[in-house]
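Below is one structure, written out as structure tokens; comments come after it.
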Amino acid sequence: MKDVIDLSQFDAKELQSTTVNGKLNGIPISVTARVFYFNDETWKKAGVAYPKTWDELMAAGKAFESKLGKQYYPVVLEHQDTLALLNSYMIQKYNQPAIDDKTKKFSYSKEQWVEFFQMYKKLIDSHVMPDTKYYASFGKSNMYEMKPWIQGEWAGTYMWNSTINKYSDNLKPPAKLELGEYPMLPGATDAGLFFKPAQMLSIGKSTKNPEAAAKVINFLLNSKAGVDTLGLERGVPLSKVAVQYLTEDGTIKADDPAVSGLKLAQSLPAKLSVSPYFDDPQIVAPVRHLTAVHRLRAEIRRRDGGGLPASVGPHSQARHALIQPCQTSPAAPAAGDFFARIPS
Numbered sequence: 001m002k003d004v005i006d007l008s009q010f011d012a013k014e015l016q017s018t019t020v021n022g023k024l025n026g027i028p029i030s031v032t033a034r035v036f037y038f039n040d041e042t043w044k045k046a047g048v049a050y051p052k053t054w055d056e057l058m059a060a061g062k063a064f065e066s067k068l069g070k071q072y073y074p075v076v077l078e079h080q081d082t083l084a085l086l087n088s089y090m091i092q093k094y095n096q097p098a099i100d101d102k103t104k105k106f107s108y109s110k111e112q113w114v115e116f117f118q119m120y121k122k123l124i125d126s127h128v129m130p131d132t133k134y135y136a137s138f139g140k141s142n143m144y145e146m147k148p149w150i151q152g153e154w155a156g157t158y159m160w161n162s163t164i165n166k167y168s169d170n171l172k173p174p175a176k177l178e179l180g181e182y183p184m185l186p187g188a189t190d191a192g193l194f195f196k197p198a199q200m201l202s203i204g205k206s207t208k209n210p211e212a213a214a215k216v217i218n219f220l221l222n223s224k225a226g227v228d229t230l231g232l233e234r235g236v237p238l239s240k241v242a243v244q245y246l247t248e249d250g251t252i253k254a255d256d257p258a259v260s261g262l263k264l265a266q267s268l269p270a271k272l273s274v275s276p277y278f279d280d281p282q283i284v285a286p287v288r289h290l291t292a293v294h295r296l297r298a299e300i301r302r303r304d305g306g307g308l309p310a311s312v313g314p315h316s317q318a319r320h321a322l323i324q325p326c327q328t329s330p331a332a333p334a335a336g337d338f339f340a341r342i343p344s
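First residue of the sequence shown? That's 1 in UniProt numbering, and the numbers climb one at a time after it.
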């Protein structure tokens, strides 16, 4: 179908994420990455400049607490976003991804895993973000629907650029979200960002008319009528001609948080591949359970960093064993099994 879909509109590197064993499995509409956004009104109220470094991010927590009160935090992060941020920090420091994509194994040493989770503890202790217990007290609704977010008590987030507008739109006027700088450790050669397709379009093997399906895909992604229909609903498009159309008609604006966020993410150094497994809910679940029951500090002391499975993958026994305790029992001891699985 390459003669039907104009692939010349897409950079080859952008198609790598949807290519498996040399075969293109789908056309990504757009890509997305997590960056920092801050509530302009709350940060002004706190009298604190947006952080440019990790140290400044840590210092902002205590400044918010002392100037605005204990209920105010510089940022709020959901579970997968927290892991992504910690992973970014570790990649910057060690130039090493947590998961080796080739071997499907965790690559960190015991000591590095201790540091990984101690960074989470430091974020909580420094009042940078609320802990899971406080966050959970506001129910199970979307974070952007929670009162502290709307009122500006949670004054920022680390979020996918493609979804940020709904977070900004829900703030109490006149507040809005502004893009922050991305913290980088001195000497870091990789920001540790994870890019993923916001959505992709594919043609199934059982499709009765694959040529017609290909024409629809090309229409949506590369024609003016199709591009106008999609707009920015699935993020800033990867198609070069789509970007041209949407820029010319004013849909793509440089000050749009989604647009500026992607531009920032793409400008940061990215030499290493961050495994998509690290964003997999089945990998996130045990850590979410562990932090939710407030056993992180005790488990780090007790195990000294032991406990992650040796390998991951769709058919990995360790990966499936990893999530079983969290699925079968909410009791805290089950989460301890998560830490018991790293070879000493």
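Each residue gets a CB set at the ideal place from its N, CA and C atoms; glycine is no exception. It should be emphasised that the depicted structure is a prediction, and the values quoted were computed from it without experimental measurement.
Whole angstroms are fine: how far does the CA of Leu-221 sit from the CA of Pro-286?
38 Å
Outcome for Val-20 when other beta-carbon atoms lying within 10 angstroms are tallied against a minimum of 16:
exposed
Look up Ile-78 in the DSSP assignment and say whether it is helix, strand or coil.
Inspection of the sequence shows that residue 78 is occupied by Glu rather than by Ile. Coil.
Using a 10 Å radius around the Cβ and a threshold of 16 neighbouring Cβ atoms, would you call Gln-16 buried or exposed?
exposed
Would you give the residue range spanned by the beta strand (DSSP E) that Ile-29 belongs to?
27–32
Less than 7 Å between the beta carbons of Pro-51 and Ala-155, yes or no?
no
Output yes or no for whether 7 Å exceeds the beta carbon distance between Val-259 and Ala-242.
no
The segment 60–69 contacting the segment 256–274, beta-carbon criterion three pairs below 8 Å:
no
Grouping DSSP H, G and I as helix and E and B as strand, with all else coil, what is Lys-196?
strand
Which residues does DSSP pair with Trp-154 in a beta bridge?
Tyr-73
Beta-carbon separation (whole angstroms), Leu-171 vs Ile-150, contact threshold 8 Å:
6 Å
Per-residue DSSP class, three states only, for Lys-13
helix
One question on the structure: do Tyr-144 and Lys-166 come within less than 7 Å of each other, judged by their Cβ atoms?
yes
Tell me where the beta strand (DSSP E) around Leu-177 begins and ends.
177–179
In the DSSP assignment, what are the bridge partners of Thr-42?
Answer by DSSP bridge pairing: none, since Thr-42 is not bridged.
With DSSP as the reference, please indicate the residues paired to Tyr-89 in a beta bridge.
Beta-bridge pairing links Tyr-89 to no other residue.
Separation of Glu-56 from Val-128, as counted between CA atoms
10 Å
Pick from Phe-10, Val-76, Lys-44 and Thr-189: whose alpha carbon is nearest that of Tyr-158?
Val-76
To the nearest angstrom, how far is the alpha carbon of Gln-9 from that of Gly-139?
44 Å
Just tell me which of Gly-26, Glu-14 and Lys-13 has its CA closest to the CA of Leu-218.
A small correction: the amino acid at residue 218 is Asn; Leu does not occupy that position in the sequence shown. When only C-alpha atoms are compared, the closest one is Gly-26.
So for Asp-100, helix, strand or coil by DSSP?
strand
Whole angstroms are fine: how far does the CA of Phe-278 sit from the CA of Ala-98?
8 Å
Looking only at its chain, what residues have a beta carbon closer than 6 Å to the beta carbon of Ser-88, apart from the 5 residues adjacent to it on each side?
Gly-192
Could you tell me the distance, in whole angstroms, from the CA atom of Tyr-94 to the CA atom of Tyr-108?
10 Å
Which class does Tyr-37 belong to by DSSP, given the choice of helix, strand or coil?
strand
Expressed to the nearest angstrom, what Euclidean distance is found between the alpha-carbon atoms of His-294 and Asp-131?
Since pLDDT at His-294 reaches only 46, below the 50 mark, its modelled position is unreliable, and the value read off the structure follows with that caveat. Rounded to whole angstroms, His-294 to Asp-131 spans 9 Å at the Cα level.
Would you decide whether Ser-261 is buried or exposed? Buried here means 16 or more other CB atoms lie within 10 Å of its CB.
Ser is not the amino acid found at residue 261; the sequence shown has Gly there. By the neighbour-count rule (16 or more Cβ atoms within 10 Å), Gly-261 is buried.
Please classify Leu-201: does DSSP put it in a helix, a strand, or coil?
strand
C-alpha distance - Gly-313 paired with Asp-3, whole-angstrom precision:
Legend: pLDDT at Gly-313 = 49, less than 50; position of this residue unreliable, value from coordinates given subsequently. Whole-angstrom Cα-Cα distance: 35 Å.
Since Val-31 and Ala-198 are thought to touch, with beta carbons under 8 Å apart, how far apart are those beta carbons, to the nearest angstrom?
6 Å
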